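Heads up, the sequence shown is in our numbering, so the first residue is 50 and it goes up one at a time.
Even for Gly, the Cβ is constructed at its ideal location relative to N, Cα and C.
On a predicted model such as this, the values are computed, not experimentally measured, just so you know.
Each remark here refers to the structure printed beneath this line.
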Amino acid sequence: MKPSNHNTEKVDATTRNLEKHRREIDRIDEKLLELMNRRLAIAKEIGKIKEHHKAAVIDTTRESHVIQRLFSLNQDGLLTQKALFQIFTAIIAASRGIQQVPFQTPSAKLLPSIFAVIGNPVSHSLSPMMHTSAFEVVGYNGLYLPLEVDDIGLAVSGLKALKFKGASITIPHKVSVMDFLDETDDMARKIKAVNTIVNRNGRLVGYNTDCSGAIRALSAKTTIKDKDVTVIGAGGAARAIGFGVKSEGGRLTIVNRSKENGEKLARDLDAAFIPLAEVHQLSCDILINTTSVGMTPHIDDIPLSKELLDNHMVVMDIVYNPLNTRLLSEAGKIGCTTVDGASMFIYQGAEQFELWTNIKAPVAIMKLAVLAALDERDKTGG
Ligand code: ATR
50 MKPSNHNTEK
60 VDATTRNLEK
70 HRREIDRIDE
80 KLLELMNRRL
90 AIAKEIGKIK
100 EHHKAAVIDT
110 TRESHVIQRL
120 FSLNQDGLLT
130 QKALFQIFTA
140 IIAASRGIQQ
150 VPFQTPSAKL
160 LPSIFAVIGN
170 PVSHSLSPMM
180 HTSAFEVVGY
190 NGLYLPLEVD
200 DIGLAVSGLK
210 ALKFKGASIT
220 IPHKVSVMDF
230 LDETDDMARK
240 IKAVNTIVNR
250 NGRLVGYNTD
260 CSGAIRALSA
270 KTTIKDKDVT
280 VIGAGGAARA
290 IGFGVKSEGG
300 RLTIVNRSKE
310 NGEKLARDLD
320 AAFIPLAEVH
330 QLSCDILINT
340 TSVGMTPHID
350 DIPLSKELLD
360 NHMVVMDIVY
370 NPLNTRLLSE
380 AGKIGCTTVD
390 GASMFIYQGA
400 EQFELWTNIK
410 APVAIMKLAV
420 LAALDERDKT
430 GG
């Protein structure tokens, strides 16, 4: 059947409209390309000036300020913070490429060093975005993949066979992975959990950066030595953090729902123990929640009554989904210093990055990557 005149006109109008929009997009793309090249030309000049004055060419603080400023300008835009972050880390990487000689040897540049986060589930892990951004901004030829794994023994053999340079290990494999490694670092052995694997010339060595990550996050806000520290929970995270607190000279108390788990951890760490149900007052300087209480979707839950908080306390939560948990929000309201779960996550990742690459981690950029990913998750409800 022949289309009627009316229909043909409608199709023509739609086509014209589409073409008009496409021409506009083409013009915008040309403009963007021109602007990016202008930006690179200026970056090249800056590189020369820095070189002339023998100043460091790489400046991750400046780079993170650039992105942070754009985040605040992009509050109501259609562009998500995550997309904005990805575009600008690519631009920053391009600027670096023309400013400096890559630090990796040409042969290392040919094949990427491969890394993975191994766990189950891993689809929501923020590690791939955090590490990929870090590789990109420092110009490291790395590839980081999320791998959903059930059989950890087979996976470790696979890492070795495929010459992975390293891996992050997450729930539920942090303890069981230890049986399959060639070596385990002292600290990880004491904590009895590994969250990082480094391939050292074919030997897979296990480390624990959860502990040092938590201590770095806490130490950014307070000192630990001689402080009374209460840790809520007695799982793997509590063990790693409790161990770190003891190593830093803090006085540790474990508070836990089940008596059995709590008493066991307290015994292992030479700490005091109080059952959660028997906590009627808190006399501590630092309070750390290591349980999943308050995590999405149960965002109104709090691990213990808000009446027990006192404004002189530093309150830390390892939950980062949401970032401002009910516990941190109540603590913030009465004037406590707070440490959110993203900080520990970022610092444990920064330590992994340094173990794998021997390059100082671009912590500020890694933080922005995590915040951008969390922002996207908030908006899409994912
Ligand atoms: P991870 O290894 O990640 O730290 P885990 O081993 O599952 O996680 O440990 C979770 C901790 O949170 C446990 O100490 C658990 O208390 P129990 O030992 O009594 O099981 C604690 N926890 C989990 N959900 C809780 C809740 N709703 N209230 C209080 N404590 C809770």
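> Within the chosen definition, does the segment 311-324 reach the segment 385-393 through at least 3 CB pairs nearer than 8 Å?
Replying inline: no
> Closest to N373 by CA distance: which of S354, D350, L357 is it?
Replying inline: The shortest CA-to-CA distance from N373 to any of S354, D350, L357 is the one to D350.
> For N360 versus M344, is the C-beta spacing smaller than 8 Å?
Replying inline: no
> Leaving out the 5 sequence neighbours to the left and right, which residues in its chain are closer than 6 Å to Q397 when beta-carbon positions are compared?
Replying inline: T258, D259, G262
> Could you check where the alpha helix (DSSP H) with M365 kicks off and where it finishes?
Replying inline: Element bounds for M365: not the alpha helix (DSSP H) but the beta strand (DSSP E), 363-366.
> What is the rounded straight-line gap between the Cα of E79 and the Cα of A204?
Replying inline: 46 Å
>> In the DSSP output, which residue or residues are listed as bridge partners for N338?
In response: I281, D366
> What are the boundary residues of the beta strand (DSSP E) that includes V120?
Replying inline: Correcting the residue identity first, residue 120 is Phe in this sequence and not Val. From DSSP, F120 is part of no beta strand (DSSP E) but of the alpha helix (DSSP H) over 109-122.
> Out of curiosity, what's the CA-to-CA distance linking I246 and I218?
Replying inline: 7 Å
> A62 lies in the alpha helix (DSSP H); which residues open and close that run?
Replying inline: From DSSP, the alpha helix (DSSP H) with A62 extends over 54-101.
> Cβ-heavy atom distance between T340 and the ligand ATR below 7 Å?
Replying inline: yes
>> Let me confirm a value: S162 is counted as buried when at least 16 other C-beta atoms fall within 10 Å, else exposed. Which label applies?
In response: buried
> Of all the options M179, A421, K223, which has the alpha carbon lying nearest to the alpha carbon of F164?
Replying inline: M179
> Which same chain residues, not among the five before or five after G285, have their C-beta less than 6 Å away from its C-beta?
Replying inline: K223, A242
> Do you know whose CA, among T302, A105, G293, lies nearest L336's CA?
Replying inline: T302
>> In whole angstroms, give me the CA-to-CA distance for L358 and I167.
In response: 37 Å
>> Checking 8 Å against the spacing of the C-beta atoms, do E425 and Q130 come in under that value?
In response: yes
> With DSSP run on the structure shown, which of helix, strand or coil describes Y396?
Replying inline: helix
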